[in-house]
Amino acid sequence: MNKKRALSGIKPTGDIHLGNYFGAFQEFLALQNNKNIENLYFIADYHALNEIPDPKLLKERTINIFKAFIALGLDPEKSIIFVQSDVPEHTELCWLLSGVTPMGLLERAHAYKDAITKQKNVNMGLFNYPLLQAADILIYDADLVPVGADQKQHVEITRDIAEKFNREYGDIFTIPEPLIQNAVAIVPGTDGQKMSKSKNNTIPIFASEKEIKKSIMNITTDSTPLENPKDPNNCSIFLLYKMFASSEQIEKMRQNYLNGGYGYGHAKTELFEIIMHCFESARKKMLELNSSPDEVFHLMKLGAEKARIIAHSKIDKVKKVMGLG
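Each residue of the sequence shown is one higher than the one before, counting from 715 in the working numbering.
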């Protein structure tokens, strides 16, 4: 039985937070443990160029996200973990695909249309974002692409590009399928909205204890007095706690809310404690990686080498059918 191949990437535009963990990493780890799937995960630093013009900051965040991948359980022995810019075949394929990609297809991308509507500074990096993303996927013949529901369109655009290329040059590319976690609950941010770096409402995983506690203590609550009963299902603290706690712990906190005499400050403290407990081993691993930069760069190099073996072979085939090289 041939293994299927899964691929996904994360932009290094900020620190890894709870939304990333529940929205992406849990799926990555489940796929890694599936013996019938070969996994590739990358840090999409090319895609971050539009958002991070500071070279030093981009490099720092790229390395930090790579370390976070490993600290959270991605294993370089089981998955290919690499940095996008270490595999130049991505951008080469992006150019090769540009000749078969209609402008209208890229103009329909939600991010591009949103930027136009809001009259943001639109450049070719934003316009070509879905094309580079298609190259990221097609260069590895990925069968499965774990994405959030808001990223489904990019996989659909990738499929359109691959199908058009295949019609013109033969069956060269695998047509990928989006792997969407419909059952995943929305992770509430500190303001009650969906947790997102762009909304500045995240709870980081690898920040200092003081910073994590500050984020949790900033969670927005209503003005219900301490002694009064409270609605647990309408409270971000409780909704976050449920993602970590056992059924017994959840029921105990629920009753505390309903009985009264239990303040939001108490709930925030319990949430802080359970988060620190759940990520204790990951945070310890991150400290080890922070003190071993040579090992980190070695793992980055190995991951890129493994990825390039696949990518280079694919580029050769693509160029051959196009009459290049």
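The beta-carbon is built from N, C-alpha and C at its ideal position, and this holds for glycine as well.
Keep in mind that this is a model prediction, so the values were computed, not measured.
Check	Outcome
Proximity below 8 angstroms, CB of L754 to CB of S793	yes
Neighbourhood of E987 by C-beta, 6 angstroms cutoff - its chain only, sequence neighbours within 5 removed	none
K924, buried or exposed, once every other Cβ within 10 Å from all chains shown has been counted against 16	exposed
Rounded separation between G733 and V901 - CA only	6 angstroms
Three-way DSSP call (helix, strand, coil) for S722 in this model	strand
Nearest-angstrom Cβ-Cβ length linking T727 and A762, presumed shorter than 8 angstroms	5 angstroms
Among D1030, G1039, R873, R997, the one whose alpha carbon lies nearest that of I784	R997
Terminal residues of the alpha helix (DSSP H) in which P769 lies	769-785
T831, buried or exposed, once every other Cβ within 10 Å from all chains shown has been counted against 16	exposed
DSSP-derived helix/strand/coil call for N753	strand
Distance between D855 and I886 (C-alpha atoms, nearest Å)	9 angstroms
C-alpha distance - V801 paired with A1018, whole-angstrom precision	6 angstroms
Cβ-Cβ distance between A863 and I894 below 8 angstroms	yes
Which listed residue (L985, M931, K944) has its alpha carbon closest to that of M957	L985
Secondary structure of K878, DSSP reduced to three states	helix
Identity of the residues DSSP links to E891 by a beta bridge	L858
Close beta carbons around V1035, own chain, < 7 angstroms, minus the five adjacent residues each side	Y883, G884, I886
Collapsed DSSP secondary structure at L794 in the structure displayed	Leu is not the amino acid found at residue 794; the sequence shown has Ile there. Here I794 sits in strand by DSSP.
Distance, I795 Cα to E962 Cα	37 angstroms
CA-to-CA distance, N942 to N1125, given in whole angstroms	The displayed coordinates of the chain run from 715 to 1039. Any statement about residue 1125 would go beyond what the structure contains.
Uninterrupted alpha helix (DSSP H) stretches inside the stretch 960-1020 (no shorter than 4 residues)	961-973, 978-992, 994-1004
Contacting residues, own chain, Cβ-Cβ under 8 angstroms from L811 (five flanking each side not counted)	L845, A848, A849, L852, I875, F879
Extent of the continuous alpha helix (DSSP H) run through Q847	843-852
Beta-bridge pairing of H731 - partner residues as DSSP gives them	P918
Closest by C-alpha distance to L1013, when choosing among L972, L788, A738, N716	L788
K1090 - containing alpha helix (DSSP H), residue span	Nothing can be reported for residue 1090: it is not among the residues displayed for the chain, which extend from 715 to 1039.
Boundaries (first-last residue) of the alpha helix (DSSP H) holding E923	923-931
Reference T776; option with closest CA among I730, Y955, I989, N915	I730
Per DSSP, the bridge partner or partners of K908	P902
When G977, V861, E994 are compared against S922, the one with the closest alpha-carbon	E994
Which of helix, strand or coil DSSP assigns to S937	coil
First through last residue of the alpha helix (DSSP H) which encompasses T805	803-812
Same chain only: Cβ atoms within 6 angstroms of I933, ignoring 5 sequence neighbours per side	T904, S950, I951
Beta-carbon separation (whole angstroms), D857 vs T888, contact threshold 8 angstroms	6 angstroms
CA-to-CA distance, I964 to Q672, given in whole angstroms	Absent from the structure is residue 672, since the part of the chain shown begins at 715 and ends at 1039.
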